[in-house]
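> The structure's right below; bear with me while I get my questions together.
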Amino acid sequence: MASLAKELSAAAGAAFEAMGLEARFGEVRRSDKPELADFQCNGAMAAAKAAGRNPREIAGEIAGALKAHALVLSAEVAGPGFINLRVSDAALSARAEAVRGDAMAGGEKAAAPERITLDFGGPNVAKPMHVGHLRSAVIGDTLQRLFRFLGDEVVSDTHLGDWGLQMGHLISELQDEQPGLIYFDAGFTGPYPAEPPVTMDDLARLYPQASNKAKADEARNERSQKAVAEMQAGRAGFRALLTHFINVSVASLKQDYAFLNVSFDLWKGESDVDGLIPEVIARFKAKGLAVESGGAWIVPLAREGEHIPVEKNGEITYKNAMPPILLVNSRGGTGYHTTDLATILDRVEHMGPAPDRIVYVVDQRQAQHFVQVFRAAAKLGLMPEDRLEHIGFGTVNGADGKPFKTREGGVLRLADLNSMALEEAFRKIDAAGKLPEDMSAEERADVAHKVAVAALRFSDLMNTRITNYVFDLDRFTSFEGKTGPYLLYAAVRVKSVLRKAAEAGHEPGAVAVTEDAERALVLQLDGFGAALLGAREKRMPHILCEHLYSLAQAFSAFYGALPIASDPDDAKRASRLALADAVRHQLETGLDLLGITVPERM
RNA sequence: GACUCCGUAGCUCAGCUGGAUAGAGCGCUCGCCUUCUAAGCGAGUGGUCGCAGGUUCAAAUCCUGCCGGGGUCACCA
């Protein structure tokens, strides 16, 4: 059974068509005014304008047709031409039962599923993840889960940053500290030691150290540039170091991601497409798309009207235009434009069936970079621009309103954020004092972890992803109001009611909706499918967050207003238990899509 | 300078493919635990939707222009 909103939309659409008007006017949605209606259709007014007719007259005819529909209790015209619909208790009851028994908890598959390569995470090998990496991880992972649930075929790839200047910084800084290491002996032919010469802490220390020096000292920066160029050119010792750095980093990254329930199918990185870079460059040159400029090779991308070259002191800058990409720099090295293009080539031509779409979940500040890469990829014929998609998100700012810096040091590590959230969860759990005395230390730790993850993921996902937000520890770990822990609490309470009822021998039965709180609850359940599809279409997880939060609220109101397991009437008790079970099913399903797991007790 | 995102309640934010009296959370004020988990529920408080024009029967929503803030603009990614 489709959602009530969908059934009603189809019926209203058919009624519009019968009048010679477009079916799209029949869109029915939840009413803004629950005291007046369950659902409303506003299409008559738009249709009247298109057809040059009286809106109330059209609304009256549509309402007349809808009255005959099996789900509809009443259909009335209000104001300038709103159609207010009430559905029958029987329709709501049937809908609740359908949600309860549905594998998708009332959701429905996407109409046109796609094969999607999802690129998110993007951690750098040189440095531990910081708070800014939270967003890509959490938004990307949620989209991954959502896409799969709705029928898309997803391959996720973390796309490690392991090929750029940061590797040069790391290599040269290590050489300064330990010049005797075998990796720096150009005459050595191998094999190199299997044990890594550094730990994650070493890497975390070496990188900012080198970066700061390079900023202050051009000669120091030049050495990093040289080191990276040599590494890219294939110097064996440097490649061996690269492999060590990657392995050390990945082990650490996996821990941070695992804490947040974030996973990837692939852990490929920029260095994996190293071998494809010459081919990318050759293809651009062969097609005449690359031009030489100041010793470097660039690919101009500006379109008609965009390209405004301005010459100043003998140098040409491209003011007010889409800048070209730097294919090969003047040292013969390549930057992230080129590796990104090589990665597209890899994904399209070397990894099985080509994806329908490649989606990048990366900071909004890189929007222009992606426009450039996408244009270049399209020019090369790798993939049309409209199949490449950048899902940007706002920065996580500090209290000063500025984004957390990543290269000056002093940033909050993601691992530390995770620990802080976990500590806070423990503290709040102890303060609430609700966990049963008999609960083992292991289970308590598990509950605290689930609460911490719910707090972190939900507080990040509930924001519209495009806007910046201020990092506020209280907000991340708040256990009151519109938060992940509130949702967990609501879900745990449903489970608790159901468990206790089962222990008393009471099972869910046939649903018979009668009370307002029950009607409101089922109407909320009915909106799940639309929320899922909306979240997928717009790539906006907060739409799903809003739905689940409203569902938890509707359940809490229902719980407060009516007895469930404690109702003495057998039929009412069975019906309300079934309603509670439908809520549990949809809440758990939806929270799982957000990467949030509900414990049995808390 | 160009492009881009944002500007809605004291604070943090939804709503933006135009529709009825603009919604949440936090805060603040009341009320509710001898009954299923009060990390809860109910009621109240609180808004020139940045400003000015325009389109429309109807604008927070669409268009134009301003103002304010963030971001980006080839050899770091």
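Per the numbering used here: the first sequence = residues 690 to 1291.
Note that the Cβ used here is the ideal one computed from N, Cα and C, for glycine as well.
Give me the residue from His-822, Phe-714, His-1039, Phe-927 with the minimum Cα distance to Leu-859.
As a working mapping, residue 859 is identified with position 170 in the first sequence. Selected option, being the one with the closest Cα: Phe-927.
> In chain order, which alpha helix (DSSP H) runs of at least 4 residues are fully inside the segment 1158-1226?
Runs of the alpha helix (DSSP H) inside the segment 1158-1226: 1162-1166, 1173-1192, 1205-1215.
> What's the C-alpha gap between Arg-775 and Ile-751?
Stepping through the first sequence from its first residue, residue 775 is reached at position 86. Stepping through the first sequence from its first residue, residue 751 is reached at position 62. Using only the alpha carbons, I get a separation of about 14 Å.
> Taking 6 Å as the limit between beta carbons, can you name the residues of its chain near Ser-763, skipping five residues before and five after?
Locating residue 763 in the first sequence gives position 74, counting from the first residue. Correct list, in chain order: Arg-775.
> Measure the CB-CB distance between Ala-1190 and Ala-1254 and report whether it falls below 7 Å.
The residue labelled residue 1190 in the question sits at position 501 within the first sequence. The residue labelled residue 1254 in the question sits at position 565 within the first sequence. Against a cut-off of 7 Å, the Cβ pair of Ala-1254 and Ala-1190 comes out as a contact.
> Let me know the secondary structure DSSP gives Asn-901 once reduced to three states.
Counting from one through the first sequence, the residue named residue 901 turns up at place 212. Helix at Asn-901.
> Alpha carbon to alpha carbon, how far is Asp-874 from Gln-867?
The residue given as residue 874 occupies position 185 in the first sequence. The residue given as residue 867 occupies position 178 in the first sequence. Whole-angstrom Cα-Cα distance: 12 Å.
> Tell me the DSSP secondary structure of Gln-867 in three-state form.
For the purposes of this step, residue 867 is taken as the residue at position 178 of the first sequence. In this structure, Gln-867 counts as coil in the three-state DSSP scheme.
> Run through the DSSP bridge pairs and tell me what Gly-850 is partnered with.
For this step, residue 850 is matched to residue 161 along the first sequence. Asn-813.
> Output the boundary residues of the alpha helix (DSSP H) element that contains Thr-1114.
Looking up residue 1114 in the first sequence gives position 425. According to the sequence shown, residue 1114 is Ala rather than Thr. Ala-1114 -> alpha helix (DSSP H) spans 1103-1121.
> What does the alpha-carbon distance come out to for the pair Lys-957 and Ala-1065?
What you label residue 957 is simply residue 268 of the first sequence in a count that begins at 1. What you label residue 1065 is simply residue 376 of the first sequence in a count that begins at 1. Cα-Cα distance, rounded: 22 Å.
> Please say whether Val-788 and Gly-795 have beta carbons closer to each other than 7 Å?
Taking the first sequence and counting its residues from 1, one reaches residue 795 at position 106. Taking the first sequence and counting its residues from 1, one reaches residue 788 at position 99. In contact: Gly-795 and Val-788 (Cβ atoms closer than 7 Å).
> Is it buried or exposed, Asp-1215, if we count other Cβ atoms within 10 angstroms and call 16 or more buried?
Locating residue 1215 in the first sequence gives position 526, counting from the first residue. Buried is the call here.
> Could you check which residue in Arg-1225, Val-939, Glu-1074, Glu-803 has the C-alpha nearest to that of Ala-817?
If you number the first sequence from 1, residue 817 lands on position 128. What sits at residue 817 in the sequence shown is Pro, not Ala. The residue with the shortest Cα to Cα distance from Pro-817 is Val-939.
> For Asp-1135, which option in Ile-1118, Ser-1148, Glu-842, Met-1151 has the closest C-alpha, if you only look at C-alpha atoms?
Start at 1 with the first residue of the first sequence, and residue 1135 comes out as number 446. Checked all of Ile-1118, Ser-1148, Glu-842, Met-1151; the closest Cα to Asp-1135 is Ile-1118.
> According to DSSP, is Asn-910 part of a helix, a strand, or is it coil?
Counting from one through the first sequence, the residue named residue 910 turns up at place 221. Asn-910 falls in the helix class under three-state DSSP.
> Can you give me the C-alpha to C-alpha distance between Val-969 and Arg-1036, rounded to a whole angstrom?
As a working mapping, residue 969 is identified with position 280 in the first sequence. As a working mapping, residue 1036 is identified with position 347 in the first sequence. When rounded, the distance between both Cα atoms is 13 Å.
> Please name the residue in Tyr-872, Ser-952, Phe-1244 whose C-alpha comes closest to that of Val-1294.
With the chain covering only 690 through 1291, there is no way to say anything about residue 1294.
> Beta strand (DSSP E) containing Val-776: first to last residue?
Numbered from 1 along the first sequence, position 87 holds the residue referred to as residue 776. First-last of the beta strand (DSSP E) with Val-776: 771-776.
> If you draw a straight line from the alpha carbon of Ile-1014 to that of Glu-981, how long is it in whole angstroms?
Counted from its first residue, the first sequence places residue 1014 at position 325. Counted from its first residue, the first sequence places residue 981 at position 292. Cα to Cα, Ile-1014 sits roughly 12 Å from Glu-981.
> Can you tell me whether Thr-878 is buried or exposed, with buried defined as 16 or more other CB within 10 angstroms of its CB?
If you number the first sequence from 1, residue 878 lands on position 189. Its Cβ having fewer than 16 others within 10 Å, Thr-878 is exposed.
> Using the rule of at least 16 other Cβ atoms within 10 Å of the residue's Cβ for burial, across every protein chain shown, is Thr-1278 buried or exposed?
Your numbering for residue 1278 matches position 589 in the first sequence. Counting Cβ neighbours within 10 Å, Thr-1278 comes out buried, since at least 16 surround it.
> Check the DSSP bridge columns for Tyr-1049 and list the partner residues they point to.
Translated into the one-based positions of the first sequence, residue 1049 becomes position 360. DSSP, once it has assigned bridges, lists Asp-808, His-1079 as partnering Tyr-1049.
> Going by DSSP, what residue range makes up the alpha helix (DSSP H) through Gln-1057?
By 1-based counting over the first sequence, the position of residue 1057 is 368. It spans 1056-1068 - the alpha helix (DSSP H) in which Gln-1057 sits, taken as one unbroken run.
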